[in-house]
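First up is the structure itself, then whatever we jot down about it.
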Amino acid sequence: MPKRISFLKRASLTRHQMSQKLFKIMEDKKSNLCLAADVTSQAKLLEMADTIGPDLCILKTHVDILEDYTPDFGSKLRLLADKHNFLIFEDRKFADIGQTVWYQFTKGIYHIAEWAHIINAHIVPGPGIIEGLKGSSLLLLAEMSSHETVAKGAYTKKAVAMAEKYPETVMGFICLHSLTKDPGMLHLTPGVKLEPGKDALGQRYRTVDEILIKNKSDIIIVGRDITHAKNPIEAAAIYRKRGWECYVQTLA
Ligand code: 5BU
1 MPKRISFLKR ASLTRHQMSQ KLFKIMEDKK SNLCLAADVT SQAKLLEMAD TIGPDLCILK
61 THVDILEDYT PDFGSKLRLL ADKHNFLIFE DRKFADIGQT VWYQFTKGIY HIAEWAHIIN
121 AHIVPGPGII EGLKGSSLLL LAEMSSHETV AKGAYTKKAV AMAEKYPETV MGFICLHSLT
181 KDPGMLHLTP GVKLEPGKDA LGQRYRTVDE ILIKNKSDII IVGRDITHAK NPIEAAAIYR
241 KRGWECYVQT LA
């Protein structure tokens, strides 16, 4: 099986400054764990960011599920990101024409551009969506974890081709497998648990080992198995450790 290049080396193989920063955080913290902090209370989210933050390279948000959102949310989360050295990824999944996604990214209630380090987008609209988000730190949805997703085959290849045209904006992919030989590109995978399985609404879970060793992804995105654990801090530590072991095991 071909071995992987270290995250530290890969930091020097990308022009994207946010990717360089992320590779370095991963190496410094020995973490390829992204927490999907899917809670509906801002206080709870900020508490998790403060307690679990030391184990994370990225904290992923869905800001629009917060029931008590206040405009200082972004600055409070940024303070915790600085304190614990993780990046904030708003999983907004932009999906409209370039002009509209630019408004959605910079305006409205959430002003995502002011606090999120990383965002993501569907490729359905075509390259105009990347043009509209130019200069951001963008992940393209090339594959999804859910049952009977249509993001596969030619669609996934199209995402890779679109990413290659915008190296100054696109950092990599949300995907299930490594998709490109370009070592500067990042691969982040949701739908991860310690045991395979599914939920009641179409989510499919694969194991950490399958995602990182067999499929050669880079970062595991874990939500409910940490947030709903009896002890989320311990659960996060287990995922960080297993994720890092899988990475080290596949190094050249
Ligand atoms: P879970 O609790 O580990 O199932 O949470 C998974 C998270 O990843 C959740 O925030 C989803 O919105 C997100 N996700 C996903 O599950 N599958 C995908 O294909 C994409 C995002 Br894209």
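Under my numbering, read the sequence shown as residues 1 to 252, first letter to last.
Just so you know, even glycine gets a beta-carbon here, dropped at the ideal spot from N, CA and C.
Neighbour flag for residue i against chain B, beta carbons, 8 angstroms
i, result
"Gly132", "Absent from the structure: chain B. Only one protein chain is present."
Outcome for residue i when other beta-carbon atoms lying within 10 angstroms are tallied against a minimum of 16
i, result
"Ile211", "buried"
"Glu143", "buried"
"Asp28", "exposed"
"Ser19", "buried"
"Leu138", "buried"
"Asn120", "buried"
"Ser136", "buried"
"Thr40", "exposed"
"Leu22", "buried"
"Leu262", "Any answer about residue 262 is impossible in this case: the structure gives the chain only from 1 up to 252."
"Val309", "This structure cannot settle anything about residue 309, because the visible part of the chain is limited to 1 through 252."
"Asp199", "exposed"
"Gln104", "buried"
"Ile129", "buried"
"Ile233", "exposed"
"Ala154", "exposed"
"Leu8", "exposed"
"Ile65", "exposed"
"Lys83", "exposed"
beta-carbon residue i near the ligand 5BU non-hydrogen atom, thresh 7 angstroms
i, result
"Ala36", "yes"
"Leu141", "yes"
"Met144", "yes"
"Lys60", "yes"
"Gly223", "yes"
"Ile174", "yes"
"Pro125", "no"
"Gln20", "no"
"Gly191", "yes"
"Asp182", "no"
"Gln17", "no"
"Asp50", "no"
"Asp55", "no"
"Asp91", "yes"
"Gln99", "no"
Proximal residues to residue i (C-beta, below 6 angstroms), its chain only, five neighbours per side dropped
i, result
"Arg78", "Trp115"
"Arg240", "Ser31, Leu33, Asp55"
"Phe89", "Ile58, Lys60, Ile118"
"Gly74", "Glu114, Trp115"
"Pro190", "Ser145, Ile221"
"Gly197", "Tyr205"
Check whether residue i and residue j have beta carbons under 8 angstroms apart
i, j, result
"Leu188", "Asp218", "yes"
"Ala36", "Val222", "yes"
"Pro125", "Asp96", "yes"
"Ile25", "Ala252", "no"
"Asn215", "His177", "yes"
"Leu140", "Val101", "no"
"Ile123", "Ala236", "no"
"Phe173", "Ala163", "yes"
"Lys3", "Thr180", "no"
"Asp50", "Thr227", "no"
Contacting residues, own chain, Cβ-Cβ under 8 angstroms from residue i (five flanking each side not counted)
i, result
"Arg15", "Pro167, Glu168, Gly184"
"Tyr69", "Gln42, Val63, Ile109, Tyr110"
"Gln99", "Gly132"
"Gln203", "Ser145, Ser146, His147, Gly191"
DSSP bridge partner residues for residue i (one or two, in chain order)
i, result
"Gly132", "Partner(s): none; Gly132 has no beta bridge."
"Leu35", "Leu59, Val222"
"Val192", "Arg206"
"Ile65", "Per DSSP, none; premise fails for Ile65."
"Gly197", "Tyr205"
"Ala11", "None; Ala11 has no bridge partner."
"Gly172", "Leu139, Leu186"
"Glu27", "In the DSSP output, where bridge partners are listed per residue, Glu27 has none listed."
"Asn215", "Its beta-bridge partners do not exist; DSSP assigns none."
"Glu47", "None; Glu47 has no bridge partner."
The ligand GDP heavy atom lying under 7 angstroms from the CB of residue i
i, result
"Asp218", "Judged by which ligands are present, the ligand GDP is missing from the structure shown, whose ligands are the ligand 5BU."
Cβ-based neighbour list, residue i, same chain, cut-off 7 angstroms, excluding 5 preceding and 5 following
i, result
"Leu46", "Lys76, Leu77, Leu80"
"Ala11", "Gln20, Phe23, Lys24"
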